[in-house]
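Asks:
2 protein chains.
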Amino acid sequence: MARRLNAPSEIVARLSKPDSLSERIYADLRQRLQRCEIGPDVRLVDTEIASAYGTSRMPVREALLRLANEGYLAGTTRGFMVPRLALSDIRDIFEVRRLLEPQAAANAARDLDEPTEAELTAAIREAREASRLDDVERLIVANIRFRAAWLGAVRNERLANTIARFVDHVQTVRLGTLRGSGTRKVVADGLEGLYDAFLRRDPTAAAKRMATFMAAAEEAFFSVRKAELDREDAAETPDSKSPASKSPAAEDAR
Amino acid sequence: MARRLNAPSEIVARLSKPDSLSERIYADLRQRLQRCEIGPDVRLVDTEIASAYGTSRMPVREALLRLANEGYLAGTTRGFMVPRLALSDIRDIFEVRRLLEPQAAANAARDLDEPTEAELTAAIREAREASRLDDVERLIVANIRFRAAWLGAVRNERLANTIARFVDHVQTVRLGTLRGSGTRKVVADGLEGLYDAFLRRDPTAAAKRMATFMAAAEEAFFSVRKAELDREDAAETPDSKSPASKSPAAEDAR
DNA sequence: ACATTGGATACCGTATACAGTTGTGCCGAC
DNA sequence: GTCGGCACAACTGTATACGGTATCCAATGT
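As given, the protein sequences belong to chains A and B, one line each in that order. Anchor point for the first sequence: position 112 equals 112 in my numbering, and the numbering is continuous, going up by one each time. Anchor point for the second sequence: position 166 equals 1166 in my numbering, and the numbering is continuous, going up by one each time.
Here's what the structure looks like:
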């Protein structure tokens, strides 16, 4: 049932940094996970990935274990997979994010420096353009870029990292949301509000904007994800022997 | 300068679970770190630990990497050490804890079940006894037990785990605090207040108690830690060649 | 006395090898 | 035709081995 990781053409080319092998493989895999290039129902097996990278199992194994430890992957007895989050998981993640992100945004607004502001401006411009053209992919990229920018301004690295990780974990459903419904407007408006607060260096406003933004996002995520699950259940129950080609629809949601 | 991990008598005896070797070593090392049995200025080298456990380097290496990844250890070019936290680090950790723990306490108060309540009662009894006898060690143990109990009642595992990790990271200075000044009273009172709120299943009260408790704890931690750093600086500057036996005093603080 | 350089060493990262375990597909029995 | 083994293949976890590199020490020169 579970597909295999289709052999990446020239991954090796992407390995560039002078860090250790494990590090580079970890970074590469994480990036692909962040961008949802891997998706559920894909079994990650160290031996395969190792041969794909042209290395031995060990660095890959370390990278996979680390990713699993950080919640990006779920380890099974037979390889790793990206975890299929239950509704309760998403609720849990959002609970933490709700607690952390408003304060983080406030801090960012307080400590914002020039280059970060420039980056935010660039990101918001992208978002506007994408919104105008109704280009979802670009909106997603802009959204990620915007977040990366203000998170980078958060001095408390532990706070920033914790947030980043939790955001990554809901990335899949996040993408689905943006693609799916008319929540794009919500996102676009939310970004504008945040951008405004950041520009004014107004921590209180930033926190408030973030809080409302997150509430809206959570709303949207839940409705979309719920619909997905319902669809899956509906597809599962009547004919469980339905061929793999027709499976969960998460297939093309990649 | 940096000491070595003194060969543990029969660590192997403590390895009991039927999990994988890496797992058990990880758990054992983490426990020792939580209890500050390892302390800074101790270099952890995989080969040594491996021979101590009677295994090869690999499981130890994995355990150490994992601990480092989770912030329990800092990797250097020459083995791992428990990180000496700067004041800014402590501030950062407390900022996150301030954001998370009140809500977590509220959740715990909401979802508290019978066995957990019993455990809380047992812990608070221990704390009272320790407080009466002025037995710092027991107070510390009771404190840890109390926290473990209510954290166990938090249904949101991600939230609970995140908190647990950050708490562990300040464990060292935490112990120093309790040992040092008259902050024991603060802790004892804080525990009582929390216990009361938990018993009444009052989320709001629990959150409030936790917030004030944390504020007090942070206060205390900072004064103590600051004093420590001052002392270190004072000891460092005049005679940097001071013998190892007289060093930072973190020595016997174990 | 102190700085510099060379070598020895300790340790890390990666590779290869081996053993144990678990899923899986095949075959035979009912 | 279905169910129960049975053997094989796949994958994980651990061990051993090897090469590279950073650190330490000592010897030499200034």
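Glycine included, every Cβ here is placed at the ideal spot set by N, Cα and C.
Using the C-alpha atoms, what's the distance from Leu1175 of chain B back to Asp113 of chain A?
Replies: To locate residue 113 of chain A, count along the first sequence from 1; it is residue 113. To locate residue 1175 of chain B, count along the second sequence from 1; it is residue 175. Near 38 Å, if we compare the C-alpha coordinates of Leu1175 of chain B and Asp113 of chain A.
Asks: If you follow the alpha helix (DSSP H) that Ser1148 of chain B is in, where does it begin and where does it stop?
Replies: Here residue 1148 of chain B corresponds to residue number 148 of the second sequence, with the count starting at 1. A quick correction: the sequence has Ala, not Ser, at residue 1148 of chain B. Unbroken alpha helix (DSSP H) run through Ala1148 of chain B: 1136 to 1152.
Asks: So Glu48 of chain A is in the alpha helix (DSSP H); what residue range does that whole segment cover?
Replies: Working through the first sequence from its first residue, we reach residue 48 of chain A at position 48. Looking at the DSSP string, the run of the alpha helix (DSSP H) that includes Glu48 of chain A is 46 to 53.
Asks: I need the straight-line Cα distance from Leu65 of chain A to Gln1034 of chain B, nearest angstrom please.
Replies: Here residue 65 of chain A refers to the residue found at position 65 when the first sequence is read from its first residue. Here residue 1034 of chain B refers to the residue found at position 34 when the second sequence is read from its first residue. Using only the alpha carbons, I get a separation of about 22 Å.
Asks: Taking Cβ positions only, does Ile1025 of chain B come closer than 9 Å to chain A?
Replies: As a working note, residue 1025 of chain B is residue 25 in the second sequence. Chain A, which has no Cβ nearer than 9 Å to the Cβ of Ile1025 of chain B, makes this no.
Asks: Should Leu112 of chain A be listed as close to the ligand PLP, given that the test is whether its C-beta is under 8 Å from any heavy atom?
Replies: Annotation note on the ligand PLP: not contained in the displayed structure, which lists no ligands.
Asks: Taking only beta-carbon atoms, is Thr1047 of chain B less than 9 Å away from chain A?
Replies: On the second sequence, residue 1047 of chain B is found 47 positions in, with the first residue counted as 1. Cβ-Cβ to chain A under 9 Å: no for Thr1047 of chain B.
Asks: Between Asp1019 of chain B and chain A, is any beta-carbon pair separated by less than 9 Å?
Replies: Position 19 of the second sequence, counted from the first residue, corresponds to residue 1019 of chain B. Answer no: the Cβ-Cβ gap between Asp1019 of chain B and chain A never drops below 9 Å.
Asks: Just to confirm, is the Cβ distance from Pro1203 of chain B to Ala1105 of chain B under 9 Å?
Replies: As a working mapping, residue 1203 of chain B is identified with position 203 in the second sequence. As a working mapping, residue 1105 of chain B is identified with position 105 in the second sequence. In contact: Pro1203 of chain B and Ala1105 of chain B (Cβ atoms closer than 9 Å).
Asks: If I measure Cβ to Cβ from Val154 of chain A and keep anything under 7 Å in the same chain, skipping five residues before and after, which residues do I get?
Replies: As a first step, residue 154 of chain A must be located in the first sequence, where it is residue number 154. So the qualifying residues of the chain are Ala104, Asn107, Ala108, Ala160.
Asks: Contact criterion: CB-CB distance below 9 Å. Does Thr116 of chain A meet it with respect to chain B?
Replies: Working through the first sequence from its first residue, we reach residue 116 of chain A at position 116. No, Thr116 of chain A lies away from the interface with chain B (no Cβ there is under 9 Å from its Cβ).
Asks: Have a look at B:Gln1031, B:Asn1069, B:Ala1188, B:Lys1185 and flag the residue whose alpha-carbon is nearest the alpha-carbon of Phe1080 of chain B.
Replies: Your numbering for residue 1080 of chain B matches position 80 in the second sequence. It is B:Asn1069 whose Cα lies nearest to the Cα of Phe1080 of chain B.
Asks: Apart from the five residues on each side of it in sequence, which residues of its chain come closer than 6 Å, Cβ to Cβ, to Asp19 of chain A?
Replies: Reading the first sequence from its first residue, position 19 is the one you call residue 19 of chain A. No residues qualify anywhere along the chain.
Asks: Can you tell me whether Arg200 of chain A is buried or exposed, with buried defined as 16 or more other CB within 10 angstroms of its CB?
Replies: The sequence position of residue 200 of chain A within the first sequence is 200, counting from 1. Arg200 of chain A comes out exposed.
Asks: Quick one: list the residues of chain A neighbouring Glu1095 of chain B, beta-carbon separation under 9 Å, in chain order.
Replies: On the second sequence, residue 1095 of chain B is found 95 positions in, with the first residue counted as 1. Near Glu1095 of chain B (Cβ distances below 9 Å), the residues of chain A are Gln103, Asn107, Asn156, Arg158, Leu159.
Asks: DSSP on Gly176 of chain A, reduced to helix/strand/coil?
Replies: Taking the first sequence and counting its residues from 1, one reaches residue 176 of chain A at position 176. Residue state, collapsed to three classes: helix.
Asks: From the beta carbon of Phe1080 of chain B, is the nearest beta carbon of chain A less than 9 Å away?
Replies: Indexing the second sequence from 1 puts residue 1080 of chain B at position 80. So, not an interface residue.
Asks: Can you tell me which of A:Gln31, A:Leu194, A:Arg91, A:Leu29 puts its alpha carbon nearest to the alpha carbon of Phe222 of chain A?
Replies: Stepping through the first sequence from its first residue, residue 222 of chain A is reached at position 222. The shortest C-alpha separation from Phe222 of chain A is found at A:Arg91.
Asks: Verify whether the separation of the beta carbon atoms of Val167 of chain A and Arg97 of chain A is less than 9 Å.
Replies: Taking the first residue of the first sequence as 1, we reach residue 167 of chain A at position 167. Taking the first residue of the first sequence as 1, we reach residue 97 of chain A at position 97. In contact: Val167 of chain A and Arg97 of chain A (Cβ atoms closer than 9 Å).
Asks: Within 10 angstroms of the Cβ of Leu87 of chain A, are there 16 or more other Cβ atoms? Answer buried if so, exposed if not.
Replies: Translated into the one-based positions of the first sequence, residue 87 of chain A becomes position 87. It is exposed - the Cβ of Leu87 of chain A has fewer than 16 other Cβ atoms within 10 Å.
Asks: Can the beta-carbon of Val1060 of chain B be found closer than 9 Å to that of Ala1050 of chain B?
Replies: As a working note, residue 1060 of chain B is residue 60 in the second sequence. As a working note, residue 1050 of chain B is residue 50 in the second sequence. Going by C-beta atoms, Val1060 of chain B is nearer than 9 Å to Ala1050 of chain B.
Asks: Could you check where the alpha helix (DSSP H) with Asn161 of chain A kicks off and where it finishes?
Replies: To locate residue 161 of chain A, count along the first sequence from 1; it is residue 161. Looking at the DSSP string, the run of the alpha helix (DSSP H) that includes Asn161 of chain A is 157 to 169.
Asks: So Leu951 of chain B is in the alpha helix (DSSP H); what residue range does that whole segment cover?
Replies: Chain B is shown only over 1001 to 1254; residue 951 of chain B falls outside these bounds and no answer can be derived.
Asks: Could you pull the start and end residues of the alpha helix (DSSP H) that Thr1077 of chain B belongs to?
Replies: Position 77 of the second sequence, counted from the start, is the residue given in the question as residue 1077 of chain B. Where Thr1077 of chain B is concerned, there is no enclosing alpha helix (DSSP H), given that its DSSP letter is neither H nor E.
Asks: For Glu219 of chain A, count neighbouring Cβ atoms within 10 angstroms of its own Cβ and tell me buried if that reaches 16, exposed if not.
Replies: Counting from 1 along the first sequence, the entry for residue 219 of chain A is found at position 219. The residue in question, Glu219 of chain A, is exposed, as its Cβ has fewer than 16 Cβ neighbours within 10 Å.
Asks: From Asp230 of chain A to Val173 of chain A, what distance separates their C-alpha atoms?
Replies: Sequence index remark: in the first sequence, residue 230 of chain A carries index 230 (1-based). Sequence index remark: in the first sequence, residue 173 of chain A carries index 173 (1-based). Approximately 14 Å between the Cα atoms of the pair.
Asks: Rank A:Leu191, A:Ala149, A:Phe198, A:Leu29 by C-alpha distance to the C-alpha of Ala52 of chain A and give the top, closest one.
Replies: In the first sequence, residue 52 of chain A corresponds to position 52, counting from 1. That would be A:Leu29, whose Cα lies nearest to the Cα of Ala52 of chain A.
Asks: Return the CA-CA distance between Thr212 of chain A and Thr183 of chain A, expressed in angstroms with no decimal places.
Replies: In the first sequence, residue 212 of chain A corresponds to position 212, counting from 1. In the first sequence, residue 183 of chain A corresponds to position 183, counting from 1. Rounded to the nearest angstrom, the two C-alpha atoms are 14 Å apart.
Asks: Between which two residues does the alpha helix (DSSP H) holding Glu192 of chain A run?
Replies: To locate residue 192 of chain A, count along the first sequence from 1; it is residue 192. Looking at the DSSP string, the run of the alpha helix (DSSP H) that includes Glu192 of chain A is 183 to 199.
Asks: Excluding the 5 residues flanking Met210 of chain A on each side, which residues of the same chain have their C-beta closer than 6 Å to its C-beta?
Replies: For the purposes of this step, residue 210 of chain A is taken as residue 210 along the first sequence, with counting starting at 1. The residues are Glu101, Pro102, Ala105.
Asks: Using Cβ-Cβ distances below 9 Å, what residues of the region 1063 to 1076 of chain B are close to chain A?
Replies: Answer set for the region 1063 to 1076 of chain B: Leu1065, Arg1066, Asn1069, Glu1070, Gly1071.
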